[in-house]
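In what follows, a structure is listed as structure tokens, so that the remarks can point back to it.
In my numbering, the protein residues as written are 1 to 342.
Next up, the structure:
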């Protein structure tokens, strides 16, 4: 009978990624989780299986990260430990992420493409990239949604896409999109040079390449920002903007409610030199929504003096073979049990 092997932290990461696939997380989210958790295990003092709350907080407090990056890392970490310490057969006997403070983030201001760049994107890009420009600027699709879109998902009435978190939304089809899609055969609408299915990175990088070649140094996301900003400016309904953009939270759509610089200029010009609104105008008529972008990050949890060393002595450590020593209240239960054979 072959000798059983103790589970390792790498096994735990692999099992977590399998759980994510079963939960239909996006492939890009799963790949990002793999990279982040592998890095986290390498950089924590005792690895992910023996991490202390203050060690996780210190790791998240590193300089040089944007608030959005920090928040993304936080979500991956919390998801891992909640999974690992839960269920009927947990990998870990406690969740060190419960003491972390969620990083504060605010949606950044949109950076919509200029009208001329949009015109070029929807009329003048070569080959299939005109369709890409239209799908992003006239339907608000993300590059990952463009990469996955098939002919079967588009009708003269709607474009059905599966976005972040596996959520499906139906977007009314713009006539300029339907003009290009209607005669196309079944299958992927966008393909690689060799006719294969594209990755989101392919759509993003090649789309930016063709925009730069047309003398517009922007990304596809700037076209998506144009879509969201125009929808909000013309229709003035935050819920419509949220649904069309595929935002899970209305807060994410708030950034698209920013008024244009021209309208702000008009509002200021309506004021008299004395600071009183000019005749015929009222403050209510100047719809100044939103505020400056920015973000803040909660300070990391401070480690009580002497706690780290003392606490770590309470935890099991994996030997060369991955076997955990001792039977403390903290650490990995499965890493202790997995080596037993009947």
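Each residue gets a CB set at the ideal place from its N, CA and C atoms; glycine is no exception. Nothing here was measured: the structure is a model prediction, and the numbers come from that model.
Query                                                                                                                                                                     : Result
Taking only the alpha-carbon atoms, compute the straight-line gap between residue 155 and residue 182 and give it to the nearest angstrom.                                : 8 Å
Check whether the Cβ atoms of residue 61 and residue 104 lie closer than 9 Å to each other.                                                                               : no
Spatial neighbours of residue 244 within its chain, please: CB distance less than 7 Å, with the 5 preceding and 5 following residues excluded, ordered by chain position. : 140, 171, 231
For the candidate residues 9, 116, 101, 191, whose alpha-carbon lies nearest to that of residue 149?                                                                      : 191
With burial defined as no fewer than 16 other Cβ atoms inside 10 Å of the residue's Cβ, what is the status of residue 49: buried or exposed?                              : buried
Run the CB neighbour count on residue 240, radius 10 Å, all protein chains shown included, and call it buried at 16 or more, exposed below.                               : exposed
Using a 10 Å radius around the Cβ and a threshold of 16 neighbouring Cβ atoms, would you call residue 209 buried or exposed?                                              : exposed
For residue 203, which of 128, 122, 34 has the nearest alpha-carbon?                                                                                                      : 128
Who are the near neighbours of residue 11 in its chain, counting only those whose CB is closer than 6 Å to its CB and skipping five residues on each side?                : none
Compute the Euclidean distance between the alpha carbons of residue 238 and residue 159, then round it to the nearest angstrom.                                           : 20 Å
Please name the residue in 206, 101, 90, 44 whose C-alpha comes closest to that of residue 7.                                                                             : 90
Can the beta-carbon of residue 201 be found less than 9 Å from the beta-carbon of residue 26?                                                                             : no
Residue range of the beta strand (DSSP E) that residue 172 falls in?                                                                                                      : 168–172
Inspect the beta-carbon positions of residue 71 and residue 102 and report whether they are closer than 9 Å.                                                              : yes
Which stretch, first to last residue, makes up the alpha helix (DSSP H) that contains residue 77?                                                                         : 67–84
Per DSSP, what kind of secondary structure is residue 21 in: helix, strand or coil?                                                                                       : helix
Quick check: what's the CA-CA separation for residue 219 versus residue 51?                                                                                               : 39 Å
For residue 246, which of 143, 234, 207 has the nearest alpha-carbon?                                                                                                     : 143
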